[in-house]
Amino acid sequence: MFHGLSDGAGSQDDAELQRDSRRVGCTPIASHVDRDVVTLHGSLSCVTLRPRGGVLALEADLYDGSGTVTLVWLGRRQIAGIAPGRALTVRGRLGCTDGRRVLFNPRYELAA
Numbered sequence: 004m005f006h007g008l009s010d011g012a013g014s015q016d017d018a019e020l021q022r023d024s025r026r027v028g029c030t031p032i033a034s035h036v037d038r039d040v041v042t043l044h045g046s047l048s049c050v051t052l053r054p055r056g057g058v059l060a061l062e063a064d065l066y067d068g069s070g071t072v073t074l075v076w077l078g079r080r081q082i083a084g085i086a087p088g089r090a091l092t093v094r095g096r097l098g099c100t101d102g103r104r105v106l107f108n109p110r111y112e113l114a115a
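First residue of the sequence shown: 4, per our numbering; consecutive thereafter.
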């Protein structure tokens, strides 16, 4: 997805997501680097099921208005509440795979 490329509603949505993240005490995804232990908050933009190293994995892209991190739950076909548009807070150690930020098997809390 192309976030933040326009000055219209997209940038307003980005600002709102960043405010929500700060309100729950999280820092922006874009401010973190490989191997940081992070607590992030955002909205799921995409949820897919795909094989990863011979194991099925549920993958979801979390967007917070500053950047995207791919959440990967190995060996899971589905997780109740993990769906596009859902807001959640995740915790884990950030990794970089093929130039993308990734959290494997993060702890998560669904937003009310």
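The beta carbon of each residue, even a glycine, is placed where N, CA and C say it ideally should be.
- Query: Does DSSP put ASP17 in a helix, in a strand, or in coil?
  - Reply: Taking the sequence shown and counting its residues from 1, the one referred to as residue 17 is at position 14. Correct three-state label for ASP17: helix.
- Query: Just checking my contact of LEU52 with GLY78 at CB under 8 Å: how many whole Å lie between their CB atoms?
  - Reply: On the sequence shown, position 49 is the one that residue 52 refers to. On the sequence shown, position 75 is the one that residue 78 refers to. Actually they are not in contact, since the Cβ atoms of LEU52 and GLY78 sit about 11 Å apart, beyond 8 Å.
- Task: Keeping to the same chain, check which residues put their C-beta closer than 7 Å to that of GLY88; ignore five residues upstream and five downstream.
- Result: To locate residue 88, count along the sequence shown from 1; it is residue 85. Here the set comprises SER46 and LEU47.
- Minimum C-alpha distance to THR92 - residue among ASP17, ARG26 and SER14: Within the sequence shown, numbered from 1, the residue matching residue 92 stands at position 89. With distances taken between Cα atoms, THR92 lies closest to ARG26.
- Query: Mind checking ARG63: buried by the 16 CB within 10 Å criterion, or exposed?
  - Reply: Position 60 of the sequence shown, counting from 1, holds the residue named residue 63. One point to set straight first is that residue 63 is Ala, not Arg, in the sequence displayed. With 16 or more Cβ atoms within 10 Å of its Cβ, ALA63 is classed as buried.
- For TYR111, which residues from the same chain have a beta carbon less than 6 Å from its beta carbon, with the 5 sequence-adjacent residues on both sides left out? Position 108 of the sequence shown, counted from the first residue, corresponds to residue 111. If we look at TYR111 and ignore the five residues flanking it on each side, its Cβ neighbours are LEU91 and VAL93.
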